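Peer 1:
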Amino acid sequence: MCGIAGFVGGGEEKTLRDMIEEIRHRGPDDLGFYYADSIGLAHARLSIIDKSSHGHQPMWNENKSVGIVFNGEIYNFKELKKEFDLEKKYRFHSGTDTEVILHLYEELGEECFEKLGGMFAIAIFDSTKQKLVLARDRMGEKPLYWSFQNNNFVFASEL
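Here the sequence shown is numbered in the working numbering, starting from 42 and rising by one per residue.
1) Would you call the segment 91-108 and the segment 163-183 touching, i.e. three or more CB-CB distances under 8 Å?
2) Would LYS183 and ALA162 be called neighbours here (beta carbons separated by less than 8 Å)?
3) On the DSSP bridge list, what partners appear for MET100?
4) Could you check the C-alpha separation between HIS120 and THR139 for me, to the nearest Å?
5) If distances are taken between C-alpha atoms only, which option among GLY52, PRO69, GLY68 comes closest to TYR76?
6) I'd like to check one pair, ALA83 with MET100: are the Cβ atoms closer than 8 Å?
7) Exposed or buried, what is HIS97 when buried is set at 16 or more other beta-carbons lying within 10 Å of its beta-carbon?
8) If you follow the alpha helix (DSSP H) that TYR146 is part of, which residue opens it and which one closes it?
9) Quick one, are the C-beta atoms of ARG58 and ASP71 less than 8 Å apart?
10) How is the beta strand (DSSP E) around MET160 delimited, first residue to last?
11) For ASP126, count the other beta carbons within 10 Å of its own beta carbon; 16 or more makes it buried, fewer makes it exposed. Which is it?
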């Protein structure tokens, strides 16, 4: 189990840190933050697949244009890596399913979520498109709550 949180619109770095601290129990192994230009992403990590620091989130692509925070497990991530020749097209820094999702998003855009087999709650920030994309597994096994109030969009793994 991990925890994700973030916002678009108004908000401060302190607010982001407070949000993720509230769900720190979901991921005691590591905390990660990104805050810039009214975008905030945070992650509380429970290390399972790749326990090294290479699995730190938010995780970014090579040119830092796409970032991800992810809670869950993708059962078919190794197969997807092979099916879409991702290792030939992208440089991998970890053995995580998170990094496969990140590069699959670069390959397929939002259609990548249709390929994922598993349980997940994901937030992807695409700075090129100035877009935040949230996705959750089809059965809603991993929680993802969101709200839009006063021109601020907020989300988290817990209320």
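Just so it is clear, CB atoms sit at the ideal spot from N, CA and C, and this is done for glycine as well.
Bear in mind that the values here come from a model prediction, so they are computed numbers and not experimental data.
Peer 2: So, to answer that:
1) yes
2) Start at 1 with the first residue of the sequence shown, and residue 183 comes out as number 142. Start at 1 with the first residue of the sequence shown, and residue 162 comes out as number 121. Yes, the Cβ-Cβ distance between LYS183 and ALA162 is below 8 Å.
3) The residue you call residue 100 lines up with position 59 of the sequence shown. The partner list for MET100 (beta bridge, DSSP) reads ILE109.
4) Taking the sequence shown and counting its residues from 1, the one referred to as residue 120 is at position 79. Taking the sequence shown and counting its residues from 1, the one referred to as residue 139 is at position 98. Correcting the residue type first, residue 120 is Glu in the shown sequence and not His. Computed Cα separation, rounded: 14 Å.
5) For the purposes of this step, residue 76 is taken as the residue at position 35 of the sequence shown. With distances taken between Cα atoms, TYR76 lies closest to GLY52.
6) Position 59 of the sequence shown holds residue 100. Position 42 of the sequence shown holds residue 83. No.
7) Your numbering for residue 97 matches position 56 in the sequence shown. Its Cβ being crowded by 16 or more others within 10 Å, HIS97 is buried.
8) Within the sequence shown, the letter at position 105 stands for residue 146. TYR146 -> alpha helix (DSSP H) spans 138-149.
9) The residue you call residue 58 lines up with position 17 of the sequence shown. The residue you call residue 71 lines up with position 30 of the sequence shown. The criterion of a C-beta distance shorter than 8 Å is not satisfied by ARG58 and ASP71.
10) For the purposes of this step, residue 160 is identified with residue 119 of the sequence shown, where counting begins at 1. Note, MET160: beta strand (DSSP E), 159-167.
11) Indexing the sequence shown from 1 puts residue 126 at position 85. ASP126 should be labelled exposed.
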